[in-house]
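When you read off a place in the sequence shown, starting at 1, and then add 6, the result is the number in the working numbering. Backbone N, C-alpha and C define an ideal beta-carbon position, used for all residues, glycine too.
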Amino acid sequence: MLRLASCVAFGHNLALVGLAVVLCLVGSAITARLLRRVIASYGHARLAWIALGAIAAGCTIWCTHFIAMLGYVPGVVVTYDPTITLVSLLLAIVGCFAAFGMASEKLRYAAPLGGAAFGVAIAAMHYCGMMALAVNGTVEWSPVLVVVSIVLSVLFGVAAFSQIARSTPRRAVLVGAGLLSLTIVALHFTGMAALSIYPNAPAAGDIVDDVARGLIAFAVTGIGLLLLFTGAISYFLDAQAQEKSSSQLRHLTQSAVDGMAVVQDERIVEANAALERMTGMSRAELLGRSMGEFLLLPSALPQATLLSSSLTRAAGESIPVEFAVHTEAGTTDGRPLTVFSLRDMSQRLAQEKRIVFLAEYDSLTGLRNRASFLEQCTAVLHWNASPAHFAVLAIDLNRFKEVNDTYGHAAGDRVLRTAGMRLKDALDRNQMAARLGGDEFAVFAKVHSKEEAIALAERIDATFSKPVEFEGALLQCHASIGMALYPNDGDEVTVLINNADLAMYRAKASGGDHICLYDKAMDDTARMQRRLVDDMRQAIARNELELHYQVQIRLPAEEAVSYEALVRWRHPERGLVPPNDFIPLAEQSGLIVKLGEWVLRTACAEAAAWPSQLPVSVNLSPLQLVAPNFVAKLKSILEITGMDPKRLELEVTESCFIADGAKAGAVLHAVKQLGVSISMDDFGAGYSSLAMLNSFPFDKIKLDRSLIEDLNSSEKSKGIVRAILSLGTALDVPVIAEGVETIEQLNYLCAEGCVLIQGYYYGRPERHLATRGLLTDDETAQPEGEVTPPNLTVLNAGHRTR
């Protein structure tokens, strides 16, 4: 080691040594890049690159050697044999040609073998060049250092070629060039340390002068530099061509929607923006990487076949992908290209998962849907080996349609979502909830007793009793719950659900009880009512509804002053259905809004065609009053039918003002602006508030029939009727008595000053008034089926019917 250091420090001109090292580094960088191109090339292109690389490498070795030799100071006159010097250059080039040829073979150990050959080529060139050295002295070699120099050259050569073949382009140039330089320099200076020169006595004619030696050395060096420069120029021209090719390739990949990577020699040489987004890495980070670093690859890659795998993003998370490999994607400089196309499957798999979810679950509430609920419950009952008991709960939200109609579907959706969340929170893990449709929910639970089922229902009812907030409004939707128990109330899921539904509708109809157990006797009636509701939905379309009119009389002249329109339903199987059987069902089911609109439209159309311009009164449901755009619909009906608004009277009950008196009052004021009269119906029957009479200018007060019925037997009823009649007189509001059926009732009302009468005493509601003899001969000549009320005709006792 000391001998080597002494040789470099004291046996050489350090300036020329430094120049040799710099030239060696530059030439080694060019050689490293050319070697990578040689390894990746095929066919004739490979042979051309081997030749170019051999020239560049050989010239680098030779020039480094002779520049360093120019700085060698042995203490004697030195000259060189030109022929042997030239042979050493050719030997370097030929040796490098062999080394590059070995490294380019597609074998496992091709690069190390090529590196060893490169080290041998350096040694051959060095010691051949030393043979060209002529000195006036004795030359001795240290065999140990000679062997050491060759071994170092071979070892460093193997390391350099292996690094260049397997590293990224940048690492191959930086690290590979350093190792190549170390290979050349290590052999040269170790070899020089092995040399010892002992001077002889000077002899005339034996020594070439220094000028001749310098000219020869610089001439040889110039040739080497020229060859090296030619190799560099060739390389840079090729680099431009490669950049052009890469630019074209980049344009193709960037235009692709899927992630694309172009791989060459198992390294990514191009990647598009889609792959950058997919991996979370920039293009610079992707280039030079192996696909296996972030993509899980199978052992074999079939050509153009879609494969499923997972891709690890830069942040560490994995995403599902589909990818295909195209191994015959062309070549660049004779090297084959492999194209990987990748598609992010996250969104597609999420959509497929969503489709599967929607097939079994309700999208709004996240609960199971009807089909999934039935399937799961059926499976539980089928596989249930022990004699267990189960409960099926049918749940329906009260006044949900009113919330939808009043506040809109967004409010309805909020109520349903909240109901779904509360229902899930109220259940245990082994209990199952579902949304069957609309505002109908169901629960399936294993229970040990009827009491446990009732406790579950009460827990659910308590959660539903809390209001739902929507845009500042508190929406109250209590639940009606029906229960059926397995196996007592049915041994099939569909039967249990149906029976629970019947119990639920009974709970809804009761008005007070929110929870009802299935009872066969009681729920048979509910089943009939449900069928009646289903038939009622089709009644309008089937033209099964009709209006009957009941006359209103003014005393003492007993003249007809108005008619009340009353709807009747002529069922195709049941015949004429009594109003008390279907009107309450219409109220409960929400059909009253559609039914009431039909009554209003039909009454206006028929009344507008009467020869006599008598008014007609129509009952208005509380649900109609708060329905959206009621006033606009009423105005439209009046315009379409040609009905004079002054001939229309709307009858409202006190219940219209209980839920939202301010809103009801505002709607009725808007109705009066149209010219329509408003009367208070069934006054005295329940929640009768004088404040309503004070806050709204009613055009008429209608005594409830229950007060009239009790006139003969109740002094209290007589007192209430007397008080209401006095109130009407004081407020200057006409009062009409409804439900007058006997002469005794009529006499008492006349004695108290009541002049407006309606009831069976003067006539039942009828479709064809001509059958009662109330019409004149001209009026009975109307077309069959047309309703025509009388003119102001005096009624006599012969016309009175009960």
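So what's Met297 in DSSP terms, helix, strand or just coil?
In the sequence shown, residue 297 corresponds to position 291, counting from 1. Met297 falls in the helix class under three-state DSSP.
Restricting to runs no shorter than 4 residues, where is the alpha helix (DSSP H) found entirely within the stretch 85-131?
88-109
Tell me which same chain residues have a C-beta within less than 6 Å of the C-beta of Ile146, skipping the five on either side of it?
Counting from one through the sequence shown, the residue named residue 146 turns up at place 140. Per the sequence shown, residue 146 should be read as Glu rather than Ile. Closer than 6 Å at the Cβ level, and outside the excluded window around Glu146, lie Ser202.
So does the stretch 110-121 actually touch the stretch 85-99, counting three or more Cβ pairs closer than 8 Å?
no
Hey, how far is the Cα of Gln558 from the Cα of Arg711?
Residue mapping note: residue 558 aligns to position 552 of the sequence shown, counting from 1. Residue mapping note: residue 711 aligns to position 705 of the sequence shown, counting from 1. The alpha-carbon atoms of Gln558 and Arg711 are separated by roughly 14 Å.
On the CB-based measure, 16 or more other CB atoms within 10 Å of its CB, does Leu494 come out buried or exposed?
As a first step, residue 494 is located in the sequence shown; it is residue number 488 there, counting from the start. Position check: residue 494 holds Asn in this sequence, whereas Leu was assumed. With fewer than 16 other Cβ atoms within 10 Å, it is exposed.
Should Asn278 be labelled buried (16 or more other beta-carbon atoms within 10 Å of its own) or exposed?
Walking along the sequence shown from the start, residue 278 turns up at place 272. With 16 or more Cβ atoms within 10 Å of its Cβ, Asn278 is classed as buried.
Which term fits Cys662, buried or exposed, when burial requires 16 or more other beta carbons within 10 angstroms of its beta carbon?
By 1-based counting over the sequence shown, the position of residue 662 is 656. Buried, because 16 or more other Cβ atoms sit within 10 Å of the Cβ of Cys662.
Rounding to the nearest angstrom, what Cα-Cα distance links Tyr204 and Leu139 in this structure?
Residue mapping note: residue 204 aligns to position 198 of the sequence shown, counting from 1. Residue mapping note: residue 139 aligns to position 133 of the sequence shown, counting from 1. Cα-Cα distance, rounded: 14 Å.
Tell me which same chain residues have a C-beta within less than 7 Å of the C-beta of Ala490, skipping the five on either side of it?
Residue 490 sits at position 484 when you count from the first residue of the sequence shown. Val398, Gly496, Leu502, Asn505, Ala506, Ala509, Tyr524.
Use the C-beta contact count for His50: other C-beta atoms within 10 angstroms, 16 or more gives buried, fewer gives exposed.
Against the sequence shown, residue 50 aligns to sequence position 44. Result: exposed.
Using only alpha-carbon positions, find the residue among Phe450, Ala614, Val409, Leu373 that is nearest to Gly426.
Mapped onto the sequence shown, residue 426 falls at position 420. Checking every option, the nearest Cα to that of Gly426 belongs to Leu373.
Between the stretch 704-723 and the stretch 741-753, can you find at least three pairs of beta-carbon atoms closer than 8 Å?
yes
Under DSSP, the beta strand (DSSP E) around Asp688 begins and ends at which residues?
In the sequence shown, the residue the question calls residue 688 occupies position 682. From DSSP, the beta strand (DSSP E) with Asp688 extends over 683-689.
DSSP three-state call for Ala485: helix, strand or coil?
Taking the sequence shown and counting its residues from 1, the one referred to as residue 485 is at position 479. If DSSP states are grouped into helix, strand and coil, Ala485 belongs with the strands.
For the alpha helix (DSSP H) that Leu31 lies in, which residues bound it at each end?
By one-based count along the sequence shown, residue 31 stands at place 25. Per DSSP, Leu31 belongs to the alpha helix (DSSP H) from 20-46.
Which residue's Cα is closest to the Cα of Leu438: Glu475, Asn404, Tyr367, Leu317?
Looking up residue 438 in the sequence shown gives position 432. This sequence places Met at residue 438; Leu is not what is there. Here the closest residue by C-alpha is Tyr367.
Once you ignore the five residues that flank Ala171 on each side, which residues in its own chain have a CB closer than 6 Å to its CB?
Position 165 of the sequence shown holds residue 171. These residues qualify, in order along the chain: Ile45, Ala117.
Could you check the C-alpha separation between Gly120 and Val331 for me, to the nearest Å?
The residue labelled residue 120 in the question sits at position 114 within the sequence shown. The residue labelled residue 331 in the question sits at position 325 within the sequence shown. So the two alpha carbons sit approximately 31 Å from each other.
By how many angstroms is the C-alpha of Glu552 removed from the C-alpha of Val583?
Along the sequence shown, read from residue 1 onward, the residue named residue 583 stands at position 577. Along the sequence shown, read from residue 1 onward, the residue named residue 552 stands at position 546. Computed Cα separation, rounded: 11 Å.
Which partner residues does Lys708 have in the DSSP bridge list?
Counting from 1 along the sequence shown, the entry for residue 708 is found at position 702. Looking at the DSSP assignment, Lys708 forms a beta bridge with Ile742.
According to the neighbour-count rule (16 or more other Cβ atoms, all chains shown, within 10 Å of its Cβ), is Glu464 buried or exposed?
For this step, residue 464 is matched to residue 458 along the sequence shown. Exposed is the call here.
Is the beta carbon of Ile643 sitting closer than 9 Å to the one on Leu606?
As a first step, residue 643 must be located in the sequence shown, where it is residue number 637. As a first step, residue 606 must be located in the sequence shown, where it is residue number 600. The answer is yes: Cβ separation under 9 Å.
Ignore the nearest five residues each way along the sequence and tell me which others in Gly759's own chain have a CB closer than 8 Å to its CB.
Here residue 759 corresponds to residue number 753 of the sequence shown, with the count starting at 1. Excluding positions up to five away in sequence, the list reads Leu731, Thr735.
Take Ala122 and list the residues in its own chain whose beta-carbon comes closer than 7 Å to its own, dropping the five residues that flank it on each side.
Your numbering for residue 122 matches position 116 in the sequence shown. So the list reads Val160, Gly163, Val164, once near-sequence residues are dropped.
Looking only at C-alpha atoms, which of Gly107, Glu408, Asp445, Gln169 sits nearest to Phe470?
Here residue 470 is taken as the residue at index 464 of the sequence shown, counted from 1. The option with the nearest alpha carbon to Phe470 is Asp445.
State yes or no: is the C-beta of Ala178 within less than 9 Å of the C-beta of Arg42?
Here residue 178 is taken as the residue at index 172 of the sequence shown, counted from 1. Here residue 42 is taken as the residue at index 36 of the sequence shown, counted from 1. Result yes, Cβ atoms of Ala178 and Arg42 sit closer than 9 Å.
In terms of alpha-carbon separation, which member of Leu591, Gly725, Leu292 lies closest to Arg533?
Taking the sequence shown and counting its residues from 1, one reaches residue 533 at position 527. It is Leu591 whose Cα lies nearest to the Cα of Arg533.
Which word fits Ala729, buried or exposed, when buried means at least 16 other C-beta atoms lie within 10 angstroms of its C-beta?
For the purposes of this step, residue 729 is identified with residue 723 of the sequence shown, where counting begins at 1. With fewer than 16 Cβ atoms within 10 Å of its Cβ, Ala729 is classed as exposed.
Using a threshold of 9 Å, state whether the C-beta atoms of Ser296 and Glu272 are closer than that.
Indexing the sequence shown from 1 puts residue 296 at position 290. Indexing the sequence shown from 1 puts residue 272 at position 266. Against a cut-off of 9 Å, the Cβ pair of Glu272 and Ser296 comes out as a contact.
Check whether the Cβ atoms of Ile401 and Ala448 lie closer than 9 Å to each other.
By 1-based counting over the sequence shown, the position of residue 401 is 395. By 1-based counting over the sequence shown, the position of residue 448 is 442. Cβ atoms of Ile401 and Ala448: closer than 9 Å.
Should Gly59 and Ala98 be called a contact, given that it needs their Cβ atoms to be closer than 9 Å?
For the purposes of this step, residue 59 is taken as residue 53 along the sequence shown, with counting starting at 1. For the purposes of this step, residue 98 is taken as residue 92 along the sequence shown, with counting starting at 1. Not closer than 9 Å, so no.
At the level of alpha carbons, what is the spacing between Asp541 and Glu645?
For this step, residue 541 is matched to residue 535 along the sequence shown. For this step, residue 645 is matched to residue 639 along the sequence shown. Distance between Asp541 and Glu645, taken at the CA atoms: about 31 Å.
The beta strand (DSSP E) with Ser732 in it runs from where to where?
Start at 1 with the first residue of the sequence shown, and residue 732 comes out as number 726. Element bounds for Ser732: not the beta strand (DSSP E) but the alpha helix (DSSP H), 721-737.
Tell me, please, which residues DSSP counts as bridged to Arg574.
Mapped onto the sequence shown, residue 574 falls at position 568. Arg574 is bridged to Glu552.
In terms of DSSP beta bridges, what is Gly143 paired with?
Here residue 143 refers to the residue found at position 137 when the sequence shown is read from its first residue. Paired residue(s): Pro205.
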